[in-house]
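Q:
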Amino acid sequence: MSPHYLHLSYQRRTLIPRKKVMEEKRGMTRYDLVVPAVVKVANSHRGLKGFQAYTRDVSSQGTFLKMKQPLELGRRVEIELYLSINKLQEFFKLHEQVCVKVRGEVIRIEQGGVGISFDKRYTILPSMGDIDTPPAEDLKEDA
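FYI, the numbering for the sequence shown is 66 to 208, going by this note's numbering.
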């Protein structure tokens, strides 16, 4: 089995590596994977505030999130990725999704999204139900 292919699926999509340029530039393989996410940022007055987003691609070290809310470079964030993975579903037995919680930092800003570098620690939890996330098309850049 090649380490460059991750054999997981989400909504009948097989993960495939992004272009070789991405792999060579960053030193790791990036996979096309669109999954709903909630991005939480610390707010000094109200604790954590959550924003809806979708991943465009994911690697072992980070992700690009499609989102409408702007974030500042260097902002610390907590990200919840909602995955439907058969093997993890069997492990947790009761839920159709799992929630992967990661923390990271905004390292790139583009119109319509941000690049996030993941910290080394993460948590995988059973999801407590489907999240209310708009379709990925709603997060596309306005023409």
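Even glycine gets a Cβ: it sits at the ideal position worked out from N, Cα and C.
Where does S124 fall in DSSP's three states?
A: coil
Q: Would G169 pass as a contact of F129 if the rule is Cβ separation under 9 Å?
A: no
Q: Tell whether a beta-carbon distance below 9 Å holds between K131 and Y119.
A: yes
Q: Taking the beta strand (DSSP E) that E143 falls in, what are its first and last residues?
A: From DSSP, the beta strand (DSSP E) with E143 extends over R141 to L148.
Q: How many angstroms separate the CA atom of S182 from the CA atom of I144?
A: 11 Å
Q: Quick one: Cα of T227 to Cα of V142, how far?
A: Limits of the chain in this structure are 66 at one end and 208 at the other, which puts residue 227 out of reach.
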